[in-house]
Amino acid sequence: MFWLIQVLWLTTLAVANGKSLKHVCVFGDSFSDQSRSHSISNGTYPGKDYQEVYPPADSAANGGFQWPFYLGIYGNYKIWNYAVGGTVCSNDITPVTTYPDVSNGQKAWFIQDHVVNGRLQLDPEEFKVIVWIGTNDIGIHSFISNDQPNNSSMADLADCQLNFVRSLHSIGARQFVLMSMIPLQLTRLYADNPLGTIYWPDVTDRNNTQWHKSAYNYPNTLNRLIRDGVSVLNAEFKGDGIVEYFNTYALFEEYYNNPNKYYNGSLPANVTGHCHQCPNPFDWHYCDIGDCTEDERDSFMWWDELHPSEQTGRNLAAEMNRKFDGKSKY
């Protein structure tokens, strides 16, 4: 009931003021990053009003355009994409890499772009914040491979996301969407099989079955904590803003279980294989050998052993746009 009151409050306020959603600010990792990680790697570090680099000049981790690009097209939104491949919610909790994390580095970019003399320049009624993070926080080189710091817990990961929302709320943001983790156990990287991947080539130093079980357990645990945390935030804000939960996990299960509805390339829909191939997992120079063709790409749910395909991204963007319109069950 409290959640319904908040929705009605925001809707009424927007209608009364003639406001509509114009901007979407995205924070996250390689599931959303278009080109920031590549910009960091090549030395052209992203600065104020950074312009994304798109294909054919550069491709994202899905082999093409990332889902926020399509969200901008489907909803006619200006997209501010702060996501960085390989990163986490906080480098202090799970220091997997040194890339700008959500709670510090990416937040700093947001402030650089939109806060002047301590005042938010975006109209809170005209922009949403989307947070999609967690895959690297719990993945290899962290919880799943049992490499997380001794003082880091799943509760810390959830608190990081919730505190990030609180921090942007204190700046003036009022509309948030927290996206759940996907079913990682469906990816090749975390499948229960004896084959190496470009992300972890040596299978002799891992327990495949344990990884597979952890790839089910950790995302579901974090998702539950985040979902419960959304209720806490909404109660905390007392109508002065709204936080929504987007069930990405259930949506990806829908893609996996009903692929013919979502994948329309020149091959039969494929949710177990992937388009991008690396025949020798110990040497990335062999990657691209045996990749699917352009016509075949949209048949695949996955681009590589971990990342969703561009077609999955289109489907995701369409569903998120429905979420914004109040028409999504996710």
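Mapped onto mature numbering (1 follows the signal peptide of the UniProt record, and there is no 0), the consecutive letters of the sequence shown carry residue numbers -18 to -1, 1 to 312.
All C-beta atoms in this analysis are idealised placements derived from N, C-alpha and C, irrespective of residue type, glycine included.
Query: Helix, strand or coil at V214 [DSSP, three-state]; Result: helix
Query: Within 8 Å, strictly: CB atoms of Y312 and N229; Result: yes
Query: Continuous beta strand (DSSP E) assignments of at least 3 residues falling wholly in the region 18 to 57; Result: none
Query: 6 Å CB neighbourhood of M(-18) in its chain, flanking five on each side removed; Result: Here the model assigns M(-18) a pLDDT of 38, short of 50, so the residue's position is not dependable, and the following value carries that caveat. None.
Query: First through last residue of the alpha helix (DSSP H) which encompasses M136; Result: M136 to I153
Query: Three-state secondary structure (DSSP) of N(-2); Result: No answer about N(-2) holds up, because its pLDDT of 44 lies below 50 and its placement is not dependable.
Query: Terminal residues of the beta strand (DSSP E) in which M161 lies; Result: Q157 to M161
Query: Within-8 Å CB hit, D270 to chain B; Result: Given the protein chain composition of this structure (a single chain), no chain B is represented.
Query: Environment of F47 [buried if 16+ CB atoms lie within 10 Å]; Result: buried
Query: Residue interval of the alpha helix (DSSP H) (run including G10); Result: Per DSSP, G10 belongs to no alpha helix (DSSP H); it is in the beta strand (DSSP E), H5 to G10.
Query: Beta-bridge pairing of N63 - partner residues as DSSP gives them; Result: V8
Query: Residue range of the alpha helix (DSSP H) that includes I93; Result: K89 to H96
Query: Length of the line joining the Cα atoms of C260 and L215; Result: 43 Å
Query: L171 and Y238 closer than 8 Å at C-beta; Result: no
Query: Pick from V97, D74, V8 and V98 that is closest to G67, judged by C-alpha positions; Result: V8
Query: Nearest neighbour of R277, chosen from S248, H194, I22 and N118 [CA to CA]; Result: Arg is not the amino acid found at residue 277; the sequence shown has Asp there. Checked all of S248, H194, I22 and N118; the closest Cα to D277 is S248.
Query: DSSP three-state assignment for V253, whether helix, strand or coil; Result: coil
Query: Helix, strand or coil at W114 [DSSP, three-state]; Result: strand
Query: CA-to-CA distance, E236 to V147, given in whole angstroms; Result: 28 Å
Query: Collapsed DSSP secondary structure at F264 in the structure displayed; Result: coil
Query: Cβ neighbour criterion (16 or more within 10 Å) applied to Q103; Result: exposed
Query: Nearest-angstrom Cα separation, counted from Y36 out to T254; Result: 27 Å
Query: Residues bridged to F219 (per DSSP); Result: Answer is none; F219 lacks a bridge partner.
Query: Alpha-carbon spacing of H194 relative to F13, whole angstroms; Result: 20 Å
Query: Any non-hydrogen atom of the ligand SAM within 7 Å of F109 CB; Result: Within the structure as shown, the ligand SAM is missing, as the structure has no ligands at all.
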